[in-house]
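Number of protein chains: 2
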Amino acid sequence: MAADTAYRLDDQIGYVLRRVTQRHLAIFAAAIPEVTTTQFAVLARLSETGPESQNQLGRAVAMDAATIKGVVDRLTRLELVATAADPTDRRRLIVTLTPLGNTLFTARAATALQVSQETLSPLSDDEQRRLMALLVRLT
Amino acid sequence: MAADTAYRLDDQIGYVLRRVTQRHLAIFAAAIPEVTTTQFAVLARLSETGPESQNQLGRAVAMDAATIKGVVDRLTRLELVATAADPTDRRRLIVTLTPLGNTLFTARAATALQVSQETLSPLSDDEQRRLMALLVRLT
DNA sequence: ACACACTCGTTTCTGTGCAAATGAATCCCG
DNA sequence: CGGGATTCATTTGCACAGAAACGAGTGTGT
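So the sequence lines, in the order shown, correspond to chains B and U.
Letter 84 of the first sequence, counting from 1, is numbered 103 in the numbering used here, and no numbers are missing.
Letter 75 of the second sequence, counting from 1, is numbered 94 in the numbering used here, and no numbers are missing.
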């Protein structure tokens, strides 16, 4: 068959995405050992939007109900977030940033930006912008 | 503080990577329900290079020893690969594609290429090439 | 007022993914 | 040839990530 239709693993978008993600996770873990990327995303979102119900929060950070529950549980154990019942809707569990969580996020936000920068550092500023613009369209 | 240094989750490369990966995984799972992306990567590599020791194979698909073991275990259970002791090095476990595994990979390779295409479909051919070229440099 | 649909949170199951520790086997250097 | 350094596979522990099923609560239409 034609060589240009052969399946070459190294050329597949999924495989490349996985490897880039691995590198990014390693950079993040080295710079911010207190929490994972996923946990930090939750802290960031709570900081942006304020308290939210658990499921709402999950949708706001692209995690399904089962995943966000685990993340919130671990953040609760770390005392970075707290949960409380919603008085107006007894199904809802409101998730709030604790003072400790707020302090950690504030203290680490600049480092987190540097992590993003380091991940992108093999590219020029212009290339970084182009990459991000292309990637966002694949969302 | 300067607004251009604010931490916006949606602008972070790690978050965008995660969401693009989610979309890709969903497309793959719908098209090729028999195996996961990770498992398919192992089949592809074995098909490219022939039998390899478990750890060698892991390095060839960017999985650490613990991860490749789990993937090989599940592929073995599915009878898509088989393992055998290396006669020349008793530490080694040689992993081989079974006839069933080879048949599955051959039958699904074209579909897998379509999955990559569909993931990239929001972009023009030219943009797709540029994105891949940029991403590979972040590996 | 009542039934039905929907949402919310939870649990279980399967499958990655990495760190660290372990024991067995092999390699290499002096 | 002997012993320390490496490599190999395994195990354990933790952290996502989605699918499916569930009970409890809420909302809607008639």
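No residue lacks a Cβ here, since even glycine has one placed at the ideal position from N, Cα and C.
Once you ignore the five residues that flank residue i on each side, which residues in its own chain have a CB closer than 7 Å to its CB?
| i | result |
| --- | --- |
| His43/B | Thr138 |
| Ala84/B | Asn74, Gly77 |
| Thr55/B | none |
| Gln58/U | Val90, Arg93, Leu94 |
| Arg127/U | Ile51 |
| Lys88/U | Gln73 |
| Met82/U | Val90 |
| Gln147/U | Leu139 |
| Phe47/U | Thr56, Val134 |
Quick check on residue i: buried or exposed, where buried means 16 or more other Cβ atoms within 10 Å of its Cβ?
| i | result |
| --- | --- |
| Leu119/B | exposed |
| Gly77/B | buried |
| Arg37/U | buried |
| Arg110/B | exposed |
| Glu67/B | exposed |
| Glu71/B | buried |
| Ala131/B | buried |
| Gln136/B | exposed |
| Thr86/U | exposed |
| Thr24/B | exposed |
| Thr125/U | exposed |
| Thr40/B | buried |
Is residue i near the ligand HEM, going by C-beta to nearest heavy atom under 7 Å?
| i | result |
| --- | --- |
| Gln147/U | Looking for the ligand HEM in the displayed structure turns up nothing, as the structure carries no ligands at all. |
Give me the DSSP bridge partner(s) of residue i.
| i | result |
| --- | --- |
| Val114/B | Glu71/B, Thr102/B |
Can you give me the start and stop residues for the alpha helix (DSSP H) that residue i sits inside?
| i | result |
| --- | --- |
| Thr158/U | Taken as a continuous stretch (DSSP letters only), Thr158/U belongs to no alpha helix (DSSP H), as it is neither H nor E. |
| Ala50/U | 32-50 |
| Arg93/B | 84-96 |
Take residue i and list the residues in its own chain whose beta-carbon comes closer than 6 Å to its own, dropping the five residues that flank it on each side.
| i | result |
| --- | --- |
| Tyr34/U | Leu28 |
| Thr115/B | Pro70, Ala101 |
For residue i, which residues from the same chain have a beta carbon less than 8 Å from its beta carbon, with the 5 sequence-adjacent residues on both sides left out?
| i | result |
| --- | --- |
| Leu150/U | Leu139, Leu142 |
| Thr117/U | Glu98, Leu99, Val100, Ala101 |
| Asp105/U | Ser72, Arg111, Leu112, Ile113 |
| Ala45/B | none |
Three CB pairs or more closer than 8 Å across the stretch 62-72 of chain B and the stretch 106-121 of chain B: yes
Stretch-stretch touch, CB-based, cutoff 8 Å, three pairs: the stretch 97-106 of chain B with the stretch 138-147 of chain B: no
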